[in-house]
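Top to bottom, those sequences are chains W and P. Mapping the first sequence onto the numbering used here, position 141 (from 1) lands on 141, and the numbers just tick up by one. Mapping the second sequence onto the numbering used here, position 157 (from 1) lands on 564, and the numbers just tick up by one. Every residue, glycine too, gets a C-beta built ideally from N, C-alpha and C. Computed from a prediction, not measured in an experiment: that's the story for all the values here.
2 protein chains.
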Amino acid sequence: MRKINPHDFKVARRGTSREINRQIALNLIRAHQPISRADLARLMSVRRGVASLLVSELLSESLIFEGALGEAVGRGRRPTFLYIDSRQRCVVGVDIRASRTYILLTDLMGKQLGVVSSFQTSRDIDVLTKDLARRIKQMLADFSEVSACEGVGVAVPGMVDPALGRVLHAPTLAWRDVNLRDPLAAALGIPVHIENSGKACALAQLWTTRSDVVASGNSVFVSISDGVGTGVVVNGEVMRGRHNTAGEFGHVPLNIDGPRCSCGANGCWEAYVSNLATLSRYFGRDLSEGRPREAEEASFTVEDLIARARAGDAKALAAVNSTARYLGLGLASIVNSVDPARIYIGGEITTAWSLIEPIVRSALRERTLTDFGGATEIHIVPAEEHPRLRGAVALVAAPAFAAPMVA
Amino acid sequence: MRKINPHDFKVARRGTSREINRQIALNLIRAHQPISRADLARLMSVRRGVASLLVSELLSESLIFEGALGEAVGRGRRPTFLYIDSRQRCVVGVDIRASRTYILLTDLMGKQLGVVSSFQTSRDIDVLTKDLARRIKQMLADFSEVSACEGVGVAVPGMVDPALGRVLHAPTLAWRDVNLRDPLAAALGIPVHIENSGKACALAQLWTTRSDVVASGNSVFVSISDGVGTGVVVNGEVMRGRHNTAGEFGHVPLNIDGPRCSCGANGCWEAYVSNLATLSRYFGRDLSEGRPREAEEASFTVEDLIARARAGDAKALAAVNSTARYLGLGLASIVNSVDPARIYIGGEITTAWSLIEPIVRSALRERTLTDFGGATEIHIVPAEEHPRLRGAVALVAAPAFAAPMVA
DNA sequence: CGGAATTTGTCTAAACGCGGAACATATACT
DNA sequence: AGTATATGTTCCGCGTTTAGACAAATTCCG
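What follows is the structure, given as structure tokens:
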């Protein structure tokens with residue numbers, strides 16, 4: 001039951017019905033491909049004639065294409081199968097991180113086309129824009145088989161206003177109110193979409209999942225690395241909030257008198273479960289930035305820690321288990337406030353999932369209000385799936401499939 | 408940008424455009440009444456003919472009525488003003504609380520018609536249903552001028568599945584999986600809608616606010632009394648979650664090692680800011696249920712405490728200020744995760760708002776990530792406005808104005 | 001091998017609603 | 001009294017869904 005905003009609404013025009021049904025058809029083809037016009041009509045409960053007209057419109061825009069004839073199940077004419085046309089259309093995904101920036105070329109459906117390439121991130125926005133433009137052009141030239149690039153999606157670790165194309169604040173990059181989209185778009189001649197990395201990851205999961213329970217309910221993506229990034233999906237839409245800062249569960253406290261967090265407050269979830277927090281726990285002292293580290297500490301990663309924990313290092317195991325417990329306790333806040341159908345977790349710590357799952361689960365149950373809250377589905381997203389890059393790609397691909405704004 | 412759920416969608420039919428525009432017209436009349444057909448057409452950017460047809464449909468269903476002719480601004484024919492028809496249609500709101508149950512009769516727009524009546528809440532669901540049915544019938548009989556009662560809305564302190572009409576769990580009433588709706592509806596012969604009280608309050612604020620910044624963004628209602636009830640509105644819709652438990656910010660922790668909460672966990676926000684927590688702080692010992700209290704303690708309320716604080720009792724002031732600080736710290740979690748355009752706060756503690764506002768504000772700023780997050784609008788809802796009862800009423804009135812499900 | 005049955009995809013006519021313009025009505029200004 | 005202007009109604013054109021008929025393609029069966 002949604003309220004119509006009397007200050008910002010969309011009246012239904014003559015073509016609105018068509019627009020709605022066109023998008024439904026497109027999404028059904030996407031979800032069920034290969035599919036015939038007749039099956040599409042059955043799924044939509046419309047006559048075959050309507051489905052045929054919708055399909056011909058989609059064909060003329062080459063959003064879909066007609067493939068080979070399918071096998072008839074019983075007797076009767078064989079159906080012509082329809083597919084989403086992801087041939088020759090490509091998308092570039094960019095993942096800007098504090099240290100390195102990653103680039104990936106995919107087709108419209110997010111299928112990886114090349115290898116992930118990366119280079120060092122320049123904190124100077126002009127230099128970075130030039131670097132990006134040059135490398136993206138090169139990448140597109142290398143893949144001459146793809147003719148048109150639909151756009152570039154950029155995931156940024158920080159606050160982003162996608163409508164304005166500006167990075168409002170990215171602490172790790174020391175950016176404040178920077179226009180990243182327009183210069184890059186101008187340099188490339190291709191549309192550019194930017195978004196906060198947590199929200200982008202949530203978007204990618206939303207558009208790639210086939211689970212209908214996730215599609216109808218809420219879901220949350222939690223990315224745990226240097227910081228904790230989160231994205232929340234409510235009613236099939238990424239939650240933005242008034243200032244594009246919704247979903248920052250990383251800074252919900254576990255203990256307001258707890259350790260100092262990078263955000264300036266104390267005891268944020270991030271201050272307990274970030275990679276640095278886990279390592280600090282292992283080394284027994286605060287490793288936060290600015291403080292001098294010993295050589296061993298500087299190159300030692302969470303993966304190394306997990307390896308030691310698996311090898312039987314009791315101190316390493318204790319540090320990991322401690323993080324696991326705090327992880328579960330923080331997830332409980334997400335469950336109690338959002339009640340998602342599924343939580344996605346990404347980040348280095350997830351490579352230890354088989355070790356930590358029971359601890360996370362029991363900590364989660366400890367603080368959730370209901371039994372089914374404690375049983376909330378948790379889905380690990382391995383680094384190999386490149387969730388941030390896929391999220392960046394989804395920024396470009398998703399709008400073509402989105403529901404039209406109505407009422 | 409919303410994703411279409413390929414397993415649950417609504418195809419646009421021949422009448423869908425009309426349905427959409429009808430609801431838009433109805434909402435515009437509601438928001439701008441009195442309004443003429445010509446102005447309505449201008450607001451909707453459609454021709455007057457279309458607006459006229461929509462209006463005549465609404466008139467035939469007597470959702471609106473034609474009032475007196477307005478004054479012409481310049482020259483030309485005088486417009487006929489249209490109004491929402493809230494005459495002769497009434498709604499009953501019911502607020503079930505642990506100790507007492509309150510009933511209110513309003514018109515369709517939520518205007519109070521009678522006085523708020525109340526009686527002791529029976530924990531026996533059958534007895535309570537009978538009590539409610541009898542008193543509601545009596546109340547309707549007393550107001551013979553209203554002919555038709557559109558429905559009864561019931562706000563319940565606990566988990567509710569509105570679709571099934573069941574109370575899944577209400578700890579303070581010791582109810583578990585109870586069907587409250589159907590027996591009451593059967594006894595009254597009127598449709599009954601039930602909902603969690605926090606969500607109902609959020610709904611009421613959504614439907615009564617005229618602020619367009621609230622209408623377009625998220626908003627949160629926080630009700631602080633024995634417990635902390637919350638309701639979250641995202642994109643003009645109350646956030647439900649997978650199991651109807653979304654929005655329970657009362658059990659997000661301030662300190663996981665903090666005081667025991669009624670939910671079984673430690674250090675929930677509720678355990679810091681509920682009335683009992685505030686009083687416990689004043690008396691210097693835990694007053695949670697089950698423990699014996701002294702006579703003075705048992706009858707002493709938060710209002711009394713606030714009165715003493717205002718009168719200069721330093722100990723009372725310290726207790727109130729302490730609650731204020733925790734209140735602000737907890738609100739920060741809401742701001743960081745939901746980024747609402749406005750937060751509504753109800754409950755006894757708000758009678759001290761002039762005292763505590765600076766403390767709440769500074770605590771909020773302490774933990775919010777951005778300056779504008781710390782400046783989030785806070786709106787006090789006084790008890791005289793009966794937010795829970797208005798929420799119950801909104802359950803009945805809102806569906807008639809809601810956007811049609813499309814795509 | 002040929003006709004019946006069945007399925008797919010296209011086409012046509014009807015129903016319905018928006019888009020645009022003309023028309024009647026009502027009021028104020030000159 | 002006549003003109004200008006605004007409101008509300010009516011009529012027709014056009015796009016879209018709805019319903020049904022029809023051609024094409026394929027299998028089944030006599």
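Taking 8 Å as the threshold (beta carbon to beta carbon), is residue i in contact with chain P?
i: D339/W; result: yes
i: S333/W; result: yes
i: D8/W; result: yes
i: M1/W; result: yes
i: L329/W; result: yes
i: P157/W; result: no
i: I96/W; result: no
i: V252/W; result: yes
i: N321/W; result: no
i: A12/W; result: yes
i: N179/W; result: no
So is residue i buried or exposed if we call it buried at 16+ other beta carbons inside 10 Å?
i: V727/P; result: buried
i: K606/P; result: buried
i: R77/W; result: exposed
i: T301/W; result: exposed
i: E145/W; result: exposed
i: K111/W; result: exposed
i: D446/P; result: buried
i: S493/P; result: buried
i: V620/P; result: exposed
i: A316/W; result: buried
i: M139/W; result: buried
i: P253/W; result: buried
i: G474/P; result: exposed
i: R22/W; result: buried
i: A805/P; result: buried
i: D791/P; result: Note that residue 791/P is Glu in the sequence shown, not Asp. Exposed: under 16 other Cβ atoms inside 10 Å.
i: V232/W; result: buried
i: S769/P; result: exposed
i: F656/P; result: buried
i: D589/P; result: exposed
i: S469/P; result: exposed
Does the beta carbon of residue i come closer than 8 Å to any beta carbon on chain W?
i: I752/P; result: no
i: A814/P; result: yes
i: H600/P; result: no
i: A672/P; result: yes
i: A809/P; result: yes
i: I663/P; result: yes
i: N603/P; result: no
i: I411/P; result: yes
| message | Any C-beta of chain P within less than 7 Å: which residues of the region 217 to 249 of chain W qualify? | response | G217, N218, V234, N235, G236, E237, M239, G241, R242, H243, T245, A246, G247, E248 and F249
| message | Does the structure place the region 627 to 634 of chain P close enough to the region 675 to 692 of chain P that three or more beta carbon pairs sit under 8 Å? | response | yes
| request: Taking only beta carbons into account, state which residues of the region 366 to 398 of chain W come closer than 7 Å to chain P, listed in chain order. | output: E366, R367, L369, T370, F372, G373 and A398
| message | What are the residues in the region 449 to 460 of chain P lying within 7 Å of chain W by C-beta distance? | response | M451, S452 and V453
| Looking at C-beta atoms only, is the number of pairs between the region 94 to 105 of chain W and the region 38 to 46 of chain W that lie closer than 8 Å three or more? | no
| request: Give the residues from the region 421 to 452 of chain P that approach chain W closer than 7 Å (Cβ to any Cβ), ordered along the chain. | output: T423, S424, I427, N428, Q430, I431, N434, L435, A438, M451 and S452
| request: Could you run through the region 605 to 623 of chain P and flag, in chain order, every residue whose CB is less than 8 Å away from some CB of chain W? | output: Listed by position, the residues of the region 605 to 623 of chain P near chain W (Cβ gap below 8 Å) are L613, W614, D619, V620, A622 and S623.
| task | At 4 residues or longer, and completely inside the region 31 to 104 of chain W: list those alpha helix (DSSP H) runs for me, N to C. | result | 37 to 44 and 48 to 60
| Is the region 641 to 650 of chain P in contact with the region 2 to 19 of chain W, if contact means three or more CB pairs nearer than 8 Å? | yes
| Contained beta strand (DSSP E) runs [length at least 3] in the region 678 to 765 of chain P, N- to C-terminal order | Entirely contained in the region 678 to 765 of chain P, the beta strand (DSSP E) runs reaching 3 residues are, in chain order, 749 to 754.
| request: Decide yes or no for the touch test of the region 58 to 74 of chain W against the region 130 to 140 of chain W: beta carbon pairs closer than 8 Å, at least 3 of them. | output: Touching, no, given that fewer than three Cβ pairs across the two stretches are closer than 8 Å.
| task | Tell me the start and end of each unbroken beta strand (DSSP E) in the region 155 to 186 of chain W that is at least 3 residues and wholly inside, in chain order. | result | 159 to 161, 166 to 170 and 175 to 179
| task | Return the residues of the region 147 to 173 of chain W that lie within a Cβ-Cβ distance of less than 9 Å from chain P, sorted by chain order. | result | M159, L168 and H169
| Short-range partners of chain P found in the region 57 to 78 of chain W, where Cβ spacing is below 7 Å | none
| query | For the region 354 to 374 of chain W against the region 386 to 393 of chain W, are there 3 or more C-beta pairs whose distance is under 8 Å? | reply | no
| Does the pairing of the region 104 to 118 of chain W with the region 163 to 181 of chain W give three or more beta-carbon distances under 8 Å? | no
| query | Whole alpha helix (DSSP H) runs in the region 181 to 246 of chain W with 4 or more residues, listed along the chain? | reply | 181 to 188, 197 to 208 and 212 to 216
| said: Tell me whether the region 187 to 199 of chain W and the region 153 to 169 of chain W touch, counting them as touching only if at least three CB pairs, one residue from each stretch, are closer than 8 Å. | reply: Contact between the region 187 to 199 of chain W and the region 153 to 169 of chain W is present, because at least three Cβ pairs lie under 8 Å.
| said: In chain order, what are the residue ranges of uninterrupted alpha helix (DSSP H) at least 4 long that sit wholly in the region 512 to 537 of chain P? | reply: none
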